[in-house]
Structure formats: C-alpha cells, structure tokens
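First to last, the sequence lines map onto chains Y and C. Mapping of the first sequence onto the numbering used here: residues 1 to 211, in sequence order. Mapping of the second sequence onto the numbering used here: residues 1001 to 1211, in sequence order. Structure first, commentary second.
There are 2 protein chains.
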Amino acid sequence: MIDVTKSFILYAQCAISYDGRAKSELQQGNYIIMHKSDGSIMIHGGTLTTPLNYQPPGAILKKIENILISTRKNETLTIRIYDIKHYYQINEWSTHKIAIQYTEDDLREQIIKNIDKYFTNIAEIHKEFQTPFGPVDLLIIEREDAFHNVVELKRKHANISACTQVERYVRYFTECKIKCQGYIMCPSISKGALNYTKSHDIKFIGVDFEK
Amino acid sequence: MIDVTKSFILYAQCAISYDGRAKSELQQGNYIIMHKSDGSIMIHGGTLTTPLNYQPPGAILKKIENILISTRKNETLTIRIYDIKHYYQINEWSTHKIAIQYTEDDLREQIIKNIDKYFTNIAEIHKEFQTPFGPVDLLIIEREDAFHNVVELKRKHANISACTQVERYVRYFTECKIKCQGYIMCPSISKGALNYTKSHDIKFIGVDFEK
DNA sequence: CCATAGATCTCGCTG
DNA sequence: CAGCGAGGTCTATGG
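Following this line, the structure appears as structure tokens:
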C-alpha cells in the first residue's frame, strides 16, 4: 500500500526511534508522516511548527513489513507502524521557491543608497569585507586618513552577540594599526546590547525599512 | 468542507502571500497545508524539510470563501485556494514530547562526572552561572585562590562565536578582579576558532560523548 | 513579557 | 567537501 518511492502523507499509530547526530525515542501515538521526493521525511505531532523527528533531503526510505526505515550517512530513523489511519500519495507537488523581501541584503542596499545620511567623506564601500574573524557586513573607508567605519547589520533586532561580533572586527583592524569605529545599524536593539554599545565604544544607528 | 477549528491536512492548488516580520510571495502551485490545534500552520512544497510558509502556534485561522487567512499579532498569511485535491481532518493527534539524548546538558553532566580528569583542587562547580553578559555553561572555582575556570560547552562543534562568548565572560570576571581562564570543551572545533583560541588565551579541550 | 542561547537546527553560499 | 552565517529561524528557559 505504501510506496516508498513516492511522496506521501501518512497518518498512523506508530512509535519512532532515531539514532545519529543525537538519539531519541518517541512513544507510540498517532502522528503525521510526510515524505518528499528528495528523500526528506518529517514526523509531526499535534502541536508546534517543527517536526518531532525528521531526516533532511538525501535520505533513503525503505519498508520492511510494518517498519519504515529512513537512512542517511550515519543517521537512521525507524518508524514502527501499528495502524494506518490514512494514506495519500501526492502527485504533481510543486517545488517553487519563495521570494522574500526585507532581508538583511535589502537593508544594506537601502543604507548604501542613502549612505550620505550616515557617513561623509567616503572613499570606498565594501560589502562582506573578509577578515580572519569573519566578513564585515558593511565597511566604509574615508578619504585621506582611510578611517574605517565597521558596520554590523541586523535585519531586525540586535542582541549582545551582534556587539561582540563588531568588536571582533574592530579589534582586528586596531591590531592592524588601522583607525576605525564600530557600528550597529538595524531597526531595533535589546536593552542589554544597547548598554554594551555604550560601555564599549560601539555606535548604534537605528534604521528602518523604507516602504 | 474545511473546518478551520480542527486539525487538518489539505492538498490544494493555491497561491500564498505573507506579510509581517518580512514579506513574501509564493506563486500558484500544488502545496500541502498542515493545520494544527495550537493554531500553527505550515505550507510545504515538494522538497526540503522546512515549510515554505508558516505561522507559529497562537495564530488564528479563518476562512472567507476560497481564502484561508491565518493571523498572529502583526503577521498575516493568506492562502488563495483554486482547487482542493485532497482534504483530511486529523482526529486524536498525539502531542507527546520527544526524549533526546546527547544534548549539551548530557555533555555537561558527563564532564562533571569526570571532572577530576580536567581540573584539580576544586571548591565549587556551577552550571549556568549568571553574569550580566549571559550564563556561563560551566564554572569551576578552585580552592584557596578562588581561581575561576570559565567553560563554554558545545554539544558538537565550536566556531568563532563560541570563542567570543567565552571571552565575554572572561572579560567580565577580569573586570571584577577575579583571576580566571577561559575554556572551550566540545567534540570538535573549526580551524578559525582553534586559531582564535591560541591567539586569545583560550584553552580548547576535546571531549566526546561516552557510549 | 523580553532576552538569551540551543538545535539531529536547516539552508544557501563561498572557498 | 568544509566552514560560516542568516533565518519570518523555532523552541525552551530564565528573569
């Protein structure tokens, strides 16, 4: 009845065990099992957005009597089926991608477009400027003294780890004898992070998405 | 036919738009829509583990003619249905929780059990020791001089942000005039992070889960 | 309620 | 392939 080579939705009384990156047991109950043509498989319970168990794309599904086994590298997901309540094979399932607006990239482009609002005397603008400690979201180098403005962007909310991120880059430039200033530019910031900026010489600039 | 007060699986030709934390459009196609009793709703395409669109628990679903609308705070998900291919109402869906082993917690307990392997002269052991910059995973205070060993744990892999995390705590204790040493203890570490530990006086100790 | 950090994170990108 | 970082992250936990 179940065709493991196809996409399907299964509602069944079953118990699940997983062994691989971690190890888990899910007691017997009624769960939804979703299988896709890329090999991914998810077990959903009656609450939450995220699946209880899953395997990512690339897994291979097999069926031995009443047991479904999904394997991938060193990971194994085992589904013991006791009672099938519903089965539906999915045909012509679309694989379109979603288009998202208002990403961190969009925010950066907007800031660059209006760069004169925030910085003056600009010689160079770099996106994702590579350092040994990771890429700087936005680097603005000034004329003459080559002062470096090191900007960490967050699409929405900055927390304390955004502060230490920009600090890391500032310390790198300082160690290279380059004069610089760290910035956080985003729509909002946590109270703890704002305190951190004030006591660690990081400038916070609030920016919002243009409609 | 569709009862928005119940849990259900729907396979339909539809188009989806979302507005809230970001903004997205998903072109018309055949998608699986899963709705749970906690209000969460997911739209799945034919590939990937993660849903294309979703609303987390607490969202409220309504139906106006052939349009499903899920709202939550300032977020709206709109599903325009053109053709229902399959509908199944889910009854008696289990909400059991999953039991996972080999978590960061398990690793910490294992290290504490074998603490004499790593540290000597121990006076106190603290889990999740609170500092203004966040909680220290494991804090081991020595006798007499009250030297603080500040340990950051990762269940699997440490990267550079784990380094700055432990640095943040070390700096806090140093500012409090407490002598300390930062550690990263985990099964593996990235090359960049390892370099960082060497140049920033952090000690890396490799630990693995006992079988 | 906000803030923080883990996760079998997933996913995409870059080297 | 690894490594790094974003994400409408989600989710659990603590203040």
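Using N, Cα and C, we set each Cβ at its ideal position, and we do this for glycine too.
Starting from residue i, find everything on chain C with Cβ-Cβ shorter than 9 Å and list it in chain order.
i             : result
residue 44(Y) : 1034, 1036, 1042, 1093
Which one or two residues does DSSP pair with residue i in a beta bridge?
i               : result
residue 130(Y)  : 135(Y)
residue 1012(C) : 1031(C), 1084(C)
residue 1079(C) : 1016(C), 1068(C)
residue 186(Y)  : 206(Y)
residue 1191(C) : Per DSSP, none; premise fails for residue 1191(C).
residue 1099(C) : 25(Y)
residue 1089(C) : 1008(C)
residue 74(Y)   : BP columns for residue 74(Y) are empty, so no partner.
residue 60(Y)   : 71(Y)
residue 1140(C) : 1125(C), 1149(C)
residue 110(Y)  : Partner(s): none; residue 110(Y) has no beta bridge.
residue 1158(C) : 1189(C)
residue 165(Y)  : In the DSSP output, where bridge partners are listed per residue, residue 165(Y) has none listed.
residue 54(Y)   : 42(Y)
Taking the beta strand (DSSP E) that residue i belongs to, which residues open and close that run?
i               : result
residue 1204(C) : 1202 to 1206
residue 1048(C) : Per DSSP, residue 1048(C) belongs to no beta strand (DSSP E) and is neither H nor E.
residue 1042(C) : 1041 to 1044
Which residues in the same chain have their Cβ closer than 7 Å to the Cβ of residue i, if we skip the five residues on either side of it in sequence?
i              : result
residue 45(Y)  : 31, 52
residue 174(Y) : 180
Taking C-beta pairs closer than 7 Å, name the residues in chain Y that residue i reaches, listed in chain order.
i               : result
residue 1052(C) : 98
residue 1160(C) : 133, 134
residue 1007(C) : 46
residue 1111(C) : Here the premise fails: no neighbours, minimum Cβ distance about 17 Å.
residue 1030(C) : 92, 93, 94
Excluding five sequence neighbours on each side, which residues of the same chain lie with their C-beta closer than 8 Å to the C-beta of residue i?
i               : result
residue 203(Y)  : 181, 182, 183, 184, 197
residue 57(Y)   : 36, 38, 39, 40
residue 214(Y)  : Outside the shown range of chain Y (1 to 211) lies residue 214(Y), about which nothing can therefore be said.
residue 158(Y)  : 152, 184, 186, 188, 189, 190, 193, 204
residue 1145(C) : 1179
So which residues on chain C does residue i lean against when the C-beta distance must stay under 7 Å?
i              : result
residue 129(Y) : Ordered by position in chain C, no residue passes the 7 Å Cβ test against residue 129(Y), which lies about 16 Å from the chain.
residue 214(Y) : This structure cannot settle anything about residue 214(Y), because the visible part of chain Y is limited to 1 through 211.
residue 102(Y) : 1022, 1023
Sorted by chain position, which residues of the same chain lie with C-beta nearer than 6 Å to residue i's C-beta, five sequence neighbours on each side aside?
i               : result
residue 87(Y)   : 10
residue 19(Y)   : 76
residue 1172(C) : 1131, 1133
residue 1033(C) : 1010, 1043
Would the beta-carbon of residue i fall within 8 Å of that of residue j?
i               : j               : result
residue 1140(C) : residue 1160(C) : no
residue 1084(C) : residue 1207(C) : no
residue 1078(C) : residue 1007(C) : no
residue 54(Y)   : residue 43(Y)   : yes
residue 1162(C) : residue 1156(C) : no
residue 1066(C) : residue 1080(C) : yes
residue 1137(C) : residue 1168(C) : no
residue 150(Y)  : residue 63(Y)   : no
residue 1015(C) : residue 1027(C) : yes
residue 71(Y)   : residue 1095(C) : no
Would you mind telling me which residues of chain Y sit closer than 8 Å to residue i, beta carbon to beta carbon, in chain order?
i               : result
residue 1027(C) : 96
residue 1168(C) : 160, 164
For the alpha helix (DSSP H) containing residue i, list its first residue and its last residue.
i               : result
residue 115(Y)  : 115 to 118
residue 1152(C) : Element bounds for residue 1152(C): not the alpha helix (DSSP H) but the beta strand (DSSP E), 1148 to 1153.
residue 178(Y)  : Neither: residue 178(Y) is in no alpha helix (DSSP H) and is coded neither H nor E.
Name, please, each residue of chain C whose Cβ falls closer than 8 Å to the Cβ of residue i.
i              : result
residue 148(Y) : Those do not exist, as residue 148(Y) stays about 20 Å from chain C at its closest Cβ, beyond 8 Å.
residue 84(Y)  : Residues of chain C passing the Cβ test: none, with the nearest at roughly 13 Å.
residue 88(Y)  : 1009, 1011, 1086, 1088
residue 156(Y) : 1021
Name the chain Y residues whose beta carbon is nearer than 9 Å to that of residue i?
i               : result
residue 1047(C) : 36, 37, 38, 40, 57, 93, 95
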